[in-house]
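S.K.:
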Amino acid sequence: MRDEPAELVMRDLVDALLQEDLVEFGSRAELDRPAEVAGQHWCRVKLPTGWVSFRVRPGGELQRYRYAGGPVRHGEGAQQRPITPEELVLLVCGDFAGAAGVADDVRASRAHAAALLGQRADLVLKPQAGELLSGERLAATRNRPFHPTARAAAGWSATELVRYGPMRAQPLGLDWVAVRRERLRFGGDADSHRIPELILDPTDREELAEAQQRTGAVTEDFLPVPVHPWQFDRVLPSQFAEELASGALVPLVRGVGRFHPTASIRTLTTAPETPKHVKLPLGVATLGATRLLPPRYLANAERAQETMQDLIDRDPLLRRRIALCDERIWCGWHDPADEFGNRPGQLAAQVRVYPELDGLALPMAALAAHEWDVLAPALSGQFDAVTFFRALAAAFCEVGFGFLRYGVLPELHGQNVVVVLRDGVVDRFVLRDHDTLRLYPQWMRAAGTPDPEYVIKPGAPQSLHLESAEALVGYLQTLGFQVNLYGIADALCRHFGLDEGVLWAELRAAVLDGLAPLPNAVAKVLRDRLLHAEMWPSRSVLGPLLRQGPSGGVSMPAGVGAVPNPLLRGSVV
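For the record, in the sequence shown the residue sitting at position 116 is 116 according to full-length UniProt numbering, with numbers rising by one throughout.
1. With a threshold of 16 other CB atoms inside 10 Å of the CB of ALA349, please say whether the residue is buried or exposed.
2. Taking the beta strand (DSSP E) that TYR65 falls in, what are its first and last residues?
3. Is ARG194 helix, strand or coil by DSSP?
4. Would you give the residue range spanned by the alpha helix (DSSP H) that GLY247 belongs to?
5. Given LYS126, which residues of its chain have a CB within under 7 Å of its CB, disregarding the five upstream and five downstream residues?
6. Rounded to whole angstroms, what is the Cα-Cα separation between GLN477 and GLY561?
7. Where does PRO344 land, buried or exposed, given buried means 16+ other C-beta within 10 angstroms?
8. For ARG405, which residues in the same chain have their Cβ closer than 7 Å to its Cβ, ignoring the five residues on either side in sequence?
9. From the DSSP output, in three-state form, read off LEU526 for me.
10. Report the option in LEU567, ARG569, GLN548 whose CA atom is closest to the CA atom of PHE96.
11. Starting from GLN350, trace the beta strand (DSSP E) both ways and give me its first and last residue.
12. Would you mind sorting MET535 into buried or exposed? The rule is 16 or more other CB atoms within 10 Å of its CB.
13. Is it buried or exposed, HIS147, if we count other Cβ atoms within 10 angstroms and call 16 or more buried?
14. Tell me, to the nearest whole angstrom, how far the beta carbon of ALA263 is from that of ASN143; I am working on the premise that it is less than 8 Å.
15. Note the first and the last residue of the continuous beta strand (DSSP E) segment covering TRP156.
16. Where does THR270 sit, in a helix, a strand or coil, going by DSSP?
17. Using DSSP with H/G/I as helix, E/B as strand and the rest coil, what is ALA178?
18. Among GLY459, PHE388, ASP490, whose alpha-carbon lies nearest the alpha-carbon of VAL425?
19. So what's ALA447 in DSSP terms, helix, strand or just coil?
20. With a cut-off of 8 Å on the beta carbons, I'd call HIS112 and ALA153 a contact; round off their distance for me.
21. How about TYR65 and LEU18: do their beta carbons lie closer than 8 Å?
22. Would you call VAL573 buried or exposed, if buried means 16 or more other Cβ atoms sit within 10 Å of its Cβ?
23. Should ILE322 go down as buried or exposed, given a rule of 16 or more other Cβ atoms within 10 Å for buried?
24. Please classify VAL573: does DSSP put it in a helix, a strand, or coil?
25. Let me confirm a value: LYS279 is counted as buried when at least 16 other C-beta atoms fall within 10 Å, else exposed. Which label applies?
26. For LEU116 and THR141, which I take to be in contact (beta-carbon distance under 8 Å), what is that distance rounded to the nearest angstrom?
27. So, at 8 Å on beta carbons, what are the nonlocal neighbours of ARG168 in its own chain, with the 5 sequence-adjacent residues on each side left out?
28. Based on the DSSP output, what are the partners of ALA289 in its beta bridges?
29. Say yes only if the C-beta of ARG151 is nearer than 7 Å to one or more non-hydrogen atoms of the ligand FMN, and no if none qualify.
30. In the structure shown, what three-state DSSP assignment does GLU30 receive?
31. Please classify GLU86 as buried or exposed, where buried requires at least 16 other C-beta atoms within 10 Å of its C-beta.
32. Let me check understanding here. Comparing Cα to Cα, which of ASP32, LEU546, PRO316 lies closest to ALA103?
33. Where does the unbroken beta strand (DSSP E) through ALA361 begin, and where does it stop?
34. Per DSSP, VAL408 is paired with what?
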């Protein structure tokens, strides 16, 4: 039996309030009487307007309590009433500047989860070797684990999510505009100048060519660029009104090509599926960040890809465990006067080319979805959750540590990493979205790692060049372990009735095994931070949204908190 959408959203919200201790919500939480279910208690928090009460269970290694399901109530005594997730936001955090916006996003999460899961019920999502779409759809049922607004596409109604989201059964056609070539910036691969040929079949290319002839936007002067139909209707007319009027942009034709949206909503597979996916900007927000595609980010991703490929080519372990999507094929609006603004990111396209997926390929985020009734039999006829997690954690640590020894770390959350399995066992990982390869220059110099030479807006906050090894390792602890691997562990524990401590012990063993081949300086920092520190950094997501609101740009609002070290127990190393 699957949880109701409102309960899924409430779970992430209550758990975030408890862990981030906003307005001392976690500190003031009091255990009340035992609940009707063994091992659960009623918990209550005193607010000026009355008590908030809900069921909790032991919180595992990272926090005292977690939400155990059922209604959240507010009021005094017999006057208590059930409340919605958005009401809880306003009751607990109403004094924050961004509270109303977060409440809106939580409300949208509830509506969008209901719409998406309603569509999901009509689809057969058994993953098949060599294809990604089923895994993308499974990932979309949860998206970013533990984030209260993860299921919301802010700016879309539930109807629009049904129309344009990942559970859409029928392929989606794209709209096309001709853009004067001198107004575009291009990726380093020569195919950046021939994007239509890469993603359209001959019939669709002919229709596009006829539209170019009809409008006078001939290929010598113009390049046809795909545009998401929602973006074509809602963003281009206002953001590019002057260029549309002057003829620098010429609308060509609508609904050409066949594509399926993935979990990210702005990236689409071709239909039928090929190794080529197309990534397009959308003026909607997820996790508090707008889904734009600034050309400077695409260029930085290309630089990061080159650095990672250099390391893979020289390191046998990385070469065995890692393959990269090729992200050098792209074009985007070029405005020298506004290089660091958001507008160029409203009109761009990238063709992401996957390596051969010679096995069962899944975004790691799919493994964190509450879909193990589908996943387990697809992976193995005799699936064992602990054995699977043991091998996954070992391979994941090999990769994370393998990059850290060179002073770099890709962003290893579950949306960016595709795992390829053979006979239910991890074979390798495929990395995508390369624009957040983080760097610690001192380790890079020691290892001879080439600098990607990112282009970053002068004076702007950035998290790519880091000032300490501990900061770099922190991204493995937060995005790699707590979001990605723990998201998977959480889903496995819920489905198979496991104690999460068993899986943390497997991760600890994987960490210990992974330290041995590393240079002493790197191994010492990892041992100290992962095994001996009393606390780990954690990723705060709700507090920054409440304090700042959406970022207004393409970076997700996030902060750094602290949680108990889940690998410390029994440490003697």
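The C-beta atom is built at its ideal place from N, Cα and C for all residues, glycine as well.
M.R.: So, to answer that:
1. buried
2. 65–67
3. coil
4. Premise fails: GLY247 is in no alpha helix (DSSP H) and is neither H nor E.
5. SER134, VAL374, ALA378
6. 12 Å
7. buried
8. ALA447, LEU518, PRO519, VAL522
9. helix
10. GLN548
11. 348–353
12. exposed
13. buried
14. 6 Å
15. Counting along the chain, TRP156 falls outside any beta strand (DSSP E), and DSSP gives it neither H nor E.
16. strand
17. strand
18. PHE388
19. helix
20. 6 Å
21. yes
22. Summary for VAL573: the model assigns pLDDT 42, below 50, so the residue's position carries little reliability; its value from the coordinates is reported in the next sentence. When all chains shown are included, VAL573 counts as exposed.
23. buried
24. Here the model assigns VAL573 a pLDDT of 42, short of 50, so the residue's position is not dependable, and the following value carries that caveat. Coil.
25. buried
26. 7 Å
27. GLN119, VAL162, HIS260, PRO261
28. THR286
29. In the structure on display, the ligand FMN does not appear, and there are no ligands present to speak of.
30. strand
31. buried
32. LEU546
33. 360–363
34. LEU439
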